[in-house]
Structures are given as C-alpha cells and as structure tokens.
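One rule links them: number in this note's numbering = place in the sequence shown (from 1) + 481.
We treat Cβ as the ideally placed atom computed from N, Cα and C, and that holds for glycine.
In this text, all values refer to a predicted model and were calculated from it rather than measured experimentally.
Down below is the structure, laid out as structure tokens.
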Amino acid sequence: MSEWPPTPSPPRPHDRSGWVPTLALAAAMFGWMLVLLFVGAVTPDINLLPTGQPLEVGMGVTIFPTAGWSWGSDPSAADPDGVEAIVIQKAGVRAFFIVEPFEGSTEEFHRLSLEDLGRDLDMFEALLPVEVAVGMSQAGLRSAFRGWAQKELLEGVLASLSYRGSGISCLAFGRSGQASVILPDLEYMLQTMRLSR
C-alpha cells in the first residue's frame, strides 16, 4: 500500500474585507471630531464673562474681568450683615471679591481676614503682606498663603483694602500651583477696580 504525501492546499488570497469598514469608521469619527471642534469654537460660552465689561461686586465696587473668567458656582452671594460678594473662576481657581462694612486700617482688615482664613484651613501658612495697587490710587495689602482642606493642599492669595468704611478683599485659591498662573489677572482686576465715592 503506497501512501501519497499530503497535497498542500493552494494559498488563500489575503482577506482585506475587514479593513474597509474599519477605515470608514475611523474617517467618520475623525470627521465628527472636526465638526465638534468647529462648533465648540464658534459657539459662545454663556457662562463666560465679557472681557473688560464692568462687573458689580457691591457698595459701589466694580471689577473688570480679564479674558477667560466665568461665573463661579454661586454668581452672587449676600450676607444679612451687609456683606456683598461675587465668585468668578478660571483654570481651576475660584476668586471671591467681597465688600463688607469695616471701620479700621487696611493692615487691621488684612490681619483679621488672614486669621479667618487660618481658622478654615489646616496647617495654614501665609507670607508677609506686600503692597498692591487697588483702584488706581489706593494701596492695599496682598499675602500668598497655603493650607490643607479635606486632604487637599490649597494655595492662593488674599488682597485687602480698607476704604471709606468698607473692607474690600479678593480671595483667590486653587490646588497647589494653580493660583500663580492667574496672579497677573488678579493684579489687573485689583488695579482697575472702581471704588465707591
């Protein structure tokens, strides 16, 4: 009995039928991504604050937001004791602009504000205050600070001014490293702030 060696089967042509649907799907996804990017670029963010338009804080105090700022989670806040405030945010940093009744010096108002902040944060540290221009013609104080809140390190700045029976402050903070990015914006908004007459 003779055995023939097995006959090899002829090579099958390479099946490329799976590539066509895959390439078509990839092209459709890429096209849809471009459409979404275009629509996002031409659609205005309704939460975004208009650049250079006055924004009333309260008691005659007005700020002029720079580009990229939007309303914070609470666009306005009021206190029964006459405290008025607004919250704006940018790049992970929330900035509170606050006006409240206060009779005393800028140095005292800044110290008291730092003490309040220190009670809210663990392991609180603040640098010595430096002078900062507020409202074109006034000299306020600004301190950088850091502290822990709910197992997260926060860093920020506090700027204060006592002016004609009002304490005006700007408290801006974010996660570690975020506040330094928006410091030029805050300095501009402080310098261009309109104060009550």
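By Cβ distance below 6 angstroms, which residues in the same chain neighbour residue i in space, the five residues on each side in sequence not counted?
{"i": "V564", "result": "E581"}
{"i": "E537", "result": "T543"}
{"i": "G539", "result": "E565 and V580"}
{"i": "F577", "result": "A566, V568 and L652"}
{"i": "Y669", "result": "T547"}
Tell whether a beta-carbon distance below 8 angstroms holds between residue i and residue j.
{"i": "G533", "j": "S677", "result": "no"}
{"i": "F583", "j": "S624", "result": "no"}
{"i": "F654", "j": "L667", "result": "no"}
{"i": "S551", "j": "N528", "result": "yes"}
{"i": "F626", "j": "L664", "result": "no"}
Just to confirm my understanding: we take residue i, look at its own chain, exclude 5 residues before and 5 after, and list those with CB closer than 8 angstroms. What are they?
{"i": "R592", "result": "none"}
{"i": "L609", "result": "S624"}
{"i": "P556", "result": "Reliability of the predicted coordinates at P556 is poor, the pLDDT of 45 falling under 50, and the value obtained from them is presented with this limitation in mind. Excluding positions up to five away in sequence, the list reads I567 and V568."}
{"i": "G658", "result": "E636"}
{"i": "E589", "result": "S643"}
{"i": "D562", "result": "E581 and P582"}
{"i": "L622", "result": "T587, E588, H591, P610, V611, E612, V613, A640, S641 and L642"}
{"i": "R656", "result": "G573, E633, L634, L635 and E636"}
For residue i, list the residues DSSP reports as bridge partners.
{"i": "P623", "result": "With the sequence shown as reference, residue 623 is identified as Arg, and Pro is not the correct amino acid for it. Note: R623 sits in a beta bridge opposite V611 and A640."}
{"i": "T571", "result": "According to the sequence displayed, residue 571 carries Lys and not Thr. DSSP, once it has assigned bridges, lists V574 as partnering K571."}
{"i": "D603", "result": "W629"}
{"i": "I663", "result": "According to DSSP, which records beta bridges pairwise, I663 is partnered with nothing at all."}
{"i": "G655", "result": "E636"}
From this set, the options, which residue's C-alpha is nearest residue i's C-alpha?
{"i": "A620", "options": "F577, E596, V611 and L664", "result": "V611"}
{"i": "Q570", "options": "P546, S586, T587 and D562", "result": "P546"}
{"i": "S586", "options": "M510, R645, Q631 and L639", "result": "R645"}
{"i": "V662", "options": "G573, A630, A640 and P535", "result": "G573"}
{"i": "F605", "options": "S618, E633 and L622", "result": "E633"}
{"i": "G681", "options": "L622, D562 and L530", "result": "Residue 681 lies beyond the stretch modelled for the chain, which goes from 482 to 678, so this question has no answer here."}
Report the CB separation of residue i from residue j in whole angstroms; it is logged as a contact under 8 angstroms.
{"i": "S594", "j": "S647", "result": "Not quite, the Cβ-Cβ distance comes to about 13 angstroms (not below 8 angstroms), so this is no contact."}
{"i": "G637", "j": "A660", "result": "5 angstroms"}
{"i": "L671", "j": "A614", "result": "7 angstroms"}
{"i": "A640", "j": "L602", "result": "The Cβ separation is near 17 angstroms, so there is no contact."}
Excluding the 5 residues preceding and the 5 following residue i in the sequence, name in chain order all residues of the same chain whose CB lies nearer than 7 angstroms to its CB.
{"i": "G616", "result": "M674, R675 and L676"}
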